[in-house]
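Please read the structure below before turning to the comments.
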Amino acid sequence: MSAYQGSFSAHIAVLGLQRLQEIGDLQFSRHSSEEDIAALGVQLEEDAQSLHTLAARLLHRRNFLLSPLLRLPVELIQHIICFAAKGQPMFSKEDSETSDDESSESAADDPLECGWVPLGHVSSHIRTILLAMREVWASAICSAPRRYVLEEVTRRAGDAPLSLRLDGDTSSFVWPFALQNLHKAGHIDIKFFDDDDHAIYETLCELEIPLLQSMRLSISETSNYFDVHQMPWMRGFEAHPASAPYMNAPNLRTLQLENVFLPFNPSTLTTLTLIGSISFWSEVGESPNPSTFLDMLRLCSQLHTLRVVGWVPDFRDDVTYLPASLPRLKTLSLELNGKQLASIWSHLNVPGSTSVIVDVCSQNKSQKTFPLATRLRSVPLFSSHVRSVDISGLSIRHEHDYLDYGPDTDNRFRDRLRIVLLARAAGTNDQVFIDLPRPHPFELDHRVLLSVKLHNCTARTPANDIEAAMRRLASEFRLSQLDTLGVEIRHHAANRYPLQVAISRCFPSIHTLCVYDRRLDASVVEPNLIRPIHNGDKDPPHFVNPSLRTVYIPHPKQGRYYISELRKLAQAIKARIKAGGSRISVVHISCTGFQSREKDERECLAILREVVPEIRSVYTT
């Protein structure tokens with residue numbers, strides 16, 4: 130490189146000396162005319178400009194070489210820009226007092242604190258990349274804070290499909306723009322909050338939208354601008370889906386309708402979400418016709434994901450309905466009360482590989498609590514969907530809520546219980562469990578068969594009630610040979626330790642155990658799950674988990690007491706070995722969050738290696 134620099138400098142010096150010699154010859158020549166001198170002056174100005182341009186280009190290339198950011202591949206810079214722009218406005222702060230009708234010149238002087246747009250100000254290289262990303266501009270078009278910004282963003286979006294996101298906070302001048310450009314939309318997300326929005330609704334029902342891939346429509350329950358949710362917002366609601374005219378969107382794949390309905394082509398959808406609140410149905414005055422509802426689902430031949438929240442017909446007991454089969458369904462999510470669950474589940478046929486996610490809610494959003502055994506009545510409904518031979522793991526999450534209202538102290542507390550049955554599936558990282566701590570036996574290579582969340586359970590459920598409920602669960606799903614158990618119990622839940630023991634007693638074949646509390650800065654493994662329990666001086670000790678071989682100890686948020694908890698674990702394992710119990714062969718721990726990582730990690734490993742043959746540690750974020 131140094132040789133190149135030397136030859137370049139020498140070459141420039143030679144050219145410069147030649148030009149200086151020409152100037153000198155002309156300057157002292159008696160035969161030089163004014164025209165020759167003027168022409169040479171022009172030439173010298175061009176030479177100086179050329180040198181200035183060359184110097185600027187050299188400095189630009191130097192900055193490019195010295196900047197790690199600018200040396201990134203274009204694809205990676207595009208990914209960074211997309212990450213920064215996703216779900217974020219172009220400007221994070223704006224002068225709301227500026228009129229929309231002011232000129233672009235005066236509006237350009239607004240004191241705008243920018244969001245992701247100033248990424249283009251970092252360098253000309255990044256600005257060029259950003260300006261060419263039409264999809265980014267098309268996705269942000271409805272967040273334009275000024276008319277002149279909307280016009281500029283529209284120009285930059287070019288022919289890319291637009292993302293039209295409209296709600297009560299959207300600027301008034303954006304709504305007419307959206308109405309005029311619905312046919313260019315690739316993604317639509319509209320929350321209607323005024324009867325004046327009906328023009329967009331009617332246009333959606335009649336317009337051809339060839340680029341549309343996903344759409345979400347909703348009516349806010351809290352809006353004061355609707356008299357009632359009248360039938361004009363339910364176009365095609367009672368029409369048979371095979372004969373009713375529907376919105377012409379041949380590429381529509383994802384649809385969500387919340388408290389609103391419009392006719393659509395079921396055969397193109399892969400994801401469908403239907404949400405209807407209790408207040409919505411009471412105002413509409415009737416629920417969907419059961420036969421029409423099932424016919425609609427039956428025509429969803431390509432459907433992979435179906436979510437139903439409150440949107441369930443009133444199936445009559447004296448009428449026989451043909452069930453709807455969904456042969457390609459991968460995920461079924463139901464957020465309904467017990468009666469609704471029983472009625473809709475009996476009229477659906479889904480593959481055995483479908484992950485069924487159930488949220489058992491209360492009727493009319495009641496805060497009344499029920500015994501856990503009562504709440505569990507909804508779970509056996511799905512026993513026919515889950516084959517016991519497929520179940521390889523069980524996850525139980527017990528949570529305790531404190532409510533800030535209610536004169537009756539007993540009603541100020543309530544519990545939630547989530548029960549998840551899993552099957553092994555290589556290469557699977559189920560989205561239902563993306564929030565699992567690490568390490569955890571279900572974080573990878575497991576697929577959800579059935580997940581049931583039970584709300585409004587009686588607060589502070591006694592341990593014997595928990596144990597009775599778990600035994601019923603084990604009986605219904607034939608879990609006597611279950612080998613992997615994950616338990617999450619709040620640290621402040623009443624009877625936390627007895628709950629852990631009660632749950633573990635119901636599954637005597639467990640050889641892999643994980644106990645966790647994500648809100649606590651300490652592990653919550655109950656030593657009684659590992660060490661021997663003595664009922665009397667003469668009786669031999671017994672073990673809650675006699676076959677236990679593998680223990681997972683996830684790292685909580687801060688982990689100030691992680692080392693002390695590991696000491697307790699080691700002591701429990703020593704007592705287990707001394708009493709003749711099975712050895713714990715593997716312990717999975719996290720080495721993240723220690724104040725002095727290397728020292729604490731060495732201490733942690735030294736404690737456990739005294740009693741456990743294999744320690745597997747991970748660093749988590």
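In terms of this note's numbering, the sequence shown opens at residue 130 and continues consecutively. In this text, a Cβ means the ideal position worked out from N, Cα and C, and glycines have one as well.
Pairwise C-alpha distance: residue 477 and residue 197: On the sequence shown, position 68 is the one that residue 197 refers to. On the sequence shown, position 348 is the one that residue 477 refers to. For residue 197 and residue 477, the distance between alpha carbons rounds to 56 angstroms.
Where the beta strand (DSSP E) through residue 314 begins and ends: In the sequence shown, counting from the first residue as 1, residue 314 sits at position 185. Counting along the chain, the beta strand (DSSP E) containing residue 314 begins and ends at 314-321.
Rounded to whole angstroms, how far is the Cβ of residue 708 from the Cβ of residue 740, which I believe are closer than 8 angstroms? Taking the sequence shown and counting its residues from 1, one reaches residue 708 at position 579. Taking the sequence shown and counting its residues from 1, one reaches residue 740 at position 611. With 8 angstroms as the limit, residue 708 and residue 740 do not qualify as a contact, their Cβ atoms being about 13 angstroms apart.
Within the same chain, show all residues whose beta-carbon is closer than 8 angstroms to that of residue 347, passing over the 5 residues directly before and after it, in chain order. Here residue 347 refers to the residue found at position 218 when the sequence shown is read from its first residue. The residues are 319, 320, 321, 385, 386, 387, 388, 389 and 404.
Specify the secondary structure class of residue 457 as computed by DSSP and reduced to three states. Stepping through the sequence shown from its first residue, residue 457 is reached at position 328. In the displayed model, residue 457 falls within coil according to three-state DSSP, outside both helix and strand.
Count the other CB atoms within 10 Å of the CB of residue 395; is the residue buried (16 or more) or exposed (fewer)? As a position in the sequence shown, residue 395 is number 266, starting the count at 1. Around the Cβ of residue 395, a 10 Å sphere holds 16 or more other Cβ atoms; the residue is buried.
Among all the DSSP beta bridges, which residues are the ones paired with residue 385? Within the sequence shown, numbered from 1, the residue matching residue 385 stands at position 256. According to DSSP, residue 385 bridges with 345 and 402.
How about residue 314 and residue 295: are their beta carbons less than 7 angstroms apart? As a working note, residue 314 is residue 185 in the sequence shown. As a working note, residue 295 is residue 166 in the sequence shown. No, these two residues do not count as a Cβ contact at 7 angstroms.
From the DSSP output, read off the bridge partner residues of residue 505. Along the sequence shown, one-based indexing puts residue 505 at 376. Checking the DSSP bridge columns, you'll see residue 505 has no partner listed.
Contact between the region 569-577 and the region 463-477 is defined here as three or more beta-carbon pairs at a separation below 8 angstroms; is this criterion met? Because the criterion of three Cβ pairs below 8 angstroms is not met, the region 569-577 and the region 463-477 do not touch.
In whole angstroms, what separates the C-alpha of residue 528 from that of residue 503? Against the sequence shown, residue 528 aligns to sequence position 399. Against the sequence shown, residue 503 aligns to sequence position 374. Between the C-alpha atoms of residue 528 and residue 503 there is a straight-line separation of about 17 angstroms.
Starting from residue 208, trace the beta strand (DSSP E) in both directions and tell me its first and last residue. As a first step, residue 208 is located in the sequence shown; it is residue number 79 there, counting from the start. From DSSP, residue 208 is part of no beta strand (DSSP E) but of the alpha helix (DSSP H) over 203-214.
Starting from the N-terminal side, write out each stretch of the beta strand (DSSP E) that is 3 residues or longer and does not extend beyond the region 566-645. Listed in chain order, the complete beta strand (DSSP E) runs (minimum 3 residues) inside the region 566-645 are 575-587, 613-618 and 641-645.
Straight-line gap, residue 286 to residue 462 (C-alpha atoms, nearest Å): As a position in the sequence shown, residue 286 is number 157, starting the count at 1. As a position in the sequence shown, residue 462 is number 333, starting the count at 1. Spanning the alpha carbons of residue 286 and residue 462 requires a straight line of approximately 36 angstroms.
Using a Cβ-Cβ cutoff of less than 6 angstroms, which residues in the same chain neighbour residue 300 once the five nearest sequence positions on both sides are dropped? By one-based count along the sequence shown, residue 300 stands at place 171. So no residue of the chain qualifies.
Tell me the DSSP secondary structure of residue 397 in three-state form. Within the sequence shown, the letter at position 268 stands for residue 397. In this structure, residue 397 counts as helix in the three-state DSSP scheme.
Classify residue 544 as helix, strand or coil using the three-state DSSP reduction. Taking the sequence shown and counting its residues from 1, one reaches residue 544 at position 415. When secondary structure is reduced to three states using DSSP, residue 544 falls in the strand class.
Residue 145: buried (16+ other C-beta within 10 angstroms of its C-beta) or exposed? On the sequence shown, residue 145 is found 16 positions in, with the first residue counted as 1. Burial check for residue 145: the Cβ neighbour count within 10 Å stays below 16, so the residue is exposed.
Rounded distance between the beta-carbons of residue 428 and residue 380, thought under 8 angstroms: The residue labelled residue 380 in the question sits at position 251 within the sequence shown. The residue labelled residue 428 in the question sits at position 299 within the sequence shown. For a cut-off of 8 angstroms, the C-beta gap from residue 380 to residue 428 is around 17 angstroms, too long to register as a contact.
Please classify residue 223: does DSSP put it in a helix, a strand, or coil? Translated into the one-based positions of the sequence shown, residue 223 becomes position 94. Legend: pLDDT at residue 223 = 47, less than 50; position of this residue unreliable, value from coordinates given subsequently. Residue 223: coil per DSSP, three-state reduction.
Distance CB(residue 673)-CB(residue 642) smaller than 7 angstroms: Position 544 of the sequence shown, counting from 1, holds the residue named residue 673. Position 513 of the sequence shown, counting from 1, holds the residue named residue 642. No, these two residues do not count as a Cβ contact at 7 angstroms.
In the structure shown, what three-state DSSP assignment does residue 284 receive? Here residue 284 is taken as the residue at index 155 of the sequence shown, counted from 1. Looking at residue 284 - three-state DSSP - the assignment turns out to be helix.
Could you tell me if residue 446 is buried or exposed, where buried requires 16 or more neighbouring beta carbons within 10 angstroms of its beta carbon? By 1-based counting over the sequence shown, the position of residue 446 is 317. Residue 446 should be labelled exposed.
Whole-angstrom distance between residue 613 and residue 638, CA atom to CA atom: Stepping through the sequence shown from its first residue, residue 638 is reached at position 509. Stepping through the sequence shown from its first residue, residue 613 is reached at position 484. Between residue 638 and residue 613, the C-alpha separation is close to 9 angstroms.
Could you spell out the range, first to last residue, of the beta strand (DSSP E) harbouring residue 719? Your numbering for residue 719 matches position 590 in the sequence shown. Counting along the chain, the beta strand (DSSP E) containing residue 719 begins and ends at 715-719.
Proximity to residue 421 [Cα-Cα], best of 399, 431, 444 and 432: Mapped onto the sequence shown, residue 421 falls at position 292. In terms of Cα proximity to residue 421, the closest of 399, 431, 444 and 432 is 444.
Say whether chain D places a C-beta atom closer than 7 angstroms to the C-beta of residue 309. Here there is only one protein chain, and chain D is not present.
Go through its chain and collect everything with a Cβ distance to residue 539's Cβ below 6 angstroms, but skip five positions before and after it. Start at 1 with the first residue of the sequence shown, and residue 539 comes out as number 410. Note that residue 539 scores 48 on pLDDT, short of 50, meaning its location in the model is unreliable and no value can be drawn from it.
Per the DSSP calculation, residue 681 is bridged to which residue(s)? Here residue 681 refers to the residue found at position 552 of the sequence shown. Under DSSP, the beta-bridge partners assigned to residue 681 are 643 and 717.
First and last residue of the beta strand (DSSP E) that includes residue 434? Residue mapping note: residue 434 aligns to position 305 of the sequence shown, counting from 1. Segment 434-438, the beta strand (DSSP E) holding residue 434.
Sort out for me which residues DSSP pairs residue 499 with in a bridge. Mapped onto the sequence shown, residue 499 falls at position 370. In the DSSP output, where bridge partners are listed per residue, residue 499 has 586.
Taking a contact to mean a Cβ-Cβ separation below 7 angstroms, would you say residue 736 touches residue 695 in this structure? On the sequence shown, position 607 is the one that residue 736 refers to. On the sequence shown, position 566 is the one that residue 695 refers to. Yes, Cβ-Cβ distance for residue 736 and residue 695 is below 7 angstroms.
Buried or exposed for residue 302, going by 16 or more other Cβ atoms inside 10 Å? Counting from 1 along the sequence shown, the entry for residue 302 is found at position 173. The residue is exposed, with fewer than 16 neighbouring Cβ atoms inside 10 Å.
Cβ of residue 310 within 7 angstroms of Cβ of residue 337? Residue 310 sits at position 181 when you count from the first residue of the sequence shown. Residue 337 sits at position 208 when you count from the first residue of the sequence shown. Remark: C-beta atoms of residue 310 and residue 337 do not approach each other more closely than 7 angstroms.
List the whole-angstrom C-beta distance separating residue 554 from residue 574, where the pair is believed to meet the contact cut-off of C-beta under 8 angstroms. Locating residue 554 in the sequence shown gives position 425, where the first residue counts as 1. Locating residue 574 in the sequence shown gives position 445, where the first residue counts as 1. Confirmed, about 6 angstroms.
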